[in-house]
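Everything on this sheet refers to the single structure shown next.
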Amino acid sequence: MSKNGLGLHVVLTGAPGCGKGTQARLLKEKAHICHLSTGEMLRAEAAKKTPEGLALKEVLDKGGFATDEMIINMVSKRIDEADCKNGFILDGFPRTLPQAEALEKMLDEKGIKLDAVIEIQVPDEIIMERILGRYACMKCGQGYHDKYQKPQVYGVCDKCGGTEFYRRIDDNRATVQNRLVNYRALTYPTIPYFEKKGLLRTVDGTGSIAAVAAKIDEILGIK
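Now the structure itself:
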């Protein structure tokens, strides 16, 4: 599957905190394709002070999920934009079996076929440590971690020099546990669904960021 980005359509899946977002951002740069994070898209919507945005914010803050129809419509419109013409990485979507089926139908209507669904596997205890320790620069959004990825200068963003940081309100132990329970019940059934279609590839996500990225590159044939 040596695509080098041209027409490459990939789903990155796995439990919350498995590293999907980090790997998607790296893959975007190497393959020159669009990174579609439904989580970020939904948080942007939730930040809007509309009744829909406020209702969505309440759901997300409790570790819940948006409706399938809302997400499918949002993803469909985004895929039609010019920067996705060479391909895309879906990060955090589909979250449920109905979403997986709706995604396949929607892509089929657009004449698009997925190249791979890559599941990043990480044990729950490591996921908890990763999520509870992560934070980001308020100015540019660069991500950091209390243990694994500290700024080179304490309290100063490596990327933009910002000195204010934030943690997501839903990055707390109770909400993370709830999200893991939701993942097992709602998202995990998509794994055998994609496996039956011959699309599923699995990657051990417990290694370094670079090691996991190398495994994903190998799967996708990216040099």
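If you're matching positions, the sequence shown starts at 76 in this note's numbering and goes up one per residue. Every residue, glycine too, gets a C-beta built ideally from N, C-alpha and C.
Cutting at 6 Å between CB atoms, please list the residues of its own chain near G208, excluding the five before and the five after it.
If we look at G208 and ignore the five residues flanking it on each side, its Cβ neighbours are H220, D221 and K222.
How long is the line joining the alpha carbons of K95 and Q227, rounded to whole angstroms?
Put simply, the backbone Cα of K95 is about 24 Å away from that of Q227.
Output yes if chain B places a C-beta closer than 8 Å to the C-beta of K124; else output no.
Absent from the structure: chain B. Only one protein chain is present.
Q217: which of A177, I202 and R242 sits nearest, CA to CA?
It is R242 whose Cα lies nearest to the Cα of Q217.
Quick one, which of T250, K225 and A285 has its alpha-carbon nearest A211's?
Of T250, K225 and A285, the residue nearest in Cα terms is K225.
Can you confirm whether the segment 187-194 touches the segment 258-277 when touching is taken to mean that 3 or more C-beta pairs between the two stretches lie within less than 8 Å?
Result yes; three or more Cβ-Cβ pairs closer than 8 Å.
Per DSSP, the bridge partner or partners of H220:
The bridge partners DSSP lists for H220 are R209 and Q224.
Could you tell me the distance, in whole angstroms, from the CA atom of T265 to the CA atom of G236?
When the Cα atoms are used, T265 and G236 turn out to be separated by approximately 41 Å.
Go ahead and pull the three-state DSSP assignment for G96.
Here G96 carries a helix assignment [DSSP, helix/strand/coil].
On the three-pair Cβ rule with 8 Å, is the segment 99-107 touching the segment 276-293?
Touching, per the Cβ criterion.
Sort Y263, A99 and E184 by Cα distance to L165 and report the nearest one.
Nearest of Y263, A99 and E184 to L165, Cα basis: A99.
From the DSSP output, in three-state form, read off C159 for me.
Here C159 sits in helix by DSSP.
Would you mind sorting S283 into buried or exposed? The rule is 16 or more other CB atoms within 10 Å of its CB.
S283 comes out exposed.
Going by CA-CA distance only, name the one from E200, R170 and E133 that's closest to T281.
Out of E200, R170 and E133, E200 has the C-alpha closest to the C-alpha of T281.
Going by C-alpha to C-alpha distance, which of M181, R205 and A260 sits closest to V337?
This structure cannot settle anything about residue 337, because the visible part of the chain is limited to 76 through 298.
DSSP has R276 in a bridge; who is on the other side?
Here R276 is bridged, per DSSP, to I193.
Going by CA-CA distance only, name the one from G162, L255 and V134 that's closest to H110.
Checking every option, the nearest Cα to that of H110 belongs to G162.
Is it true that the CB of R118 sits closer than 8 Å to the CB of F140?
Contact: no.
Check I244 in the structure and name its three-state DSSP category.
For I244, the secondary structure class from DSSP, reduced to helix, strand or coil, is coil.
Quick one: grab the DSSP three-state call for T88.
Strand.
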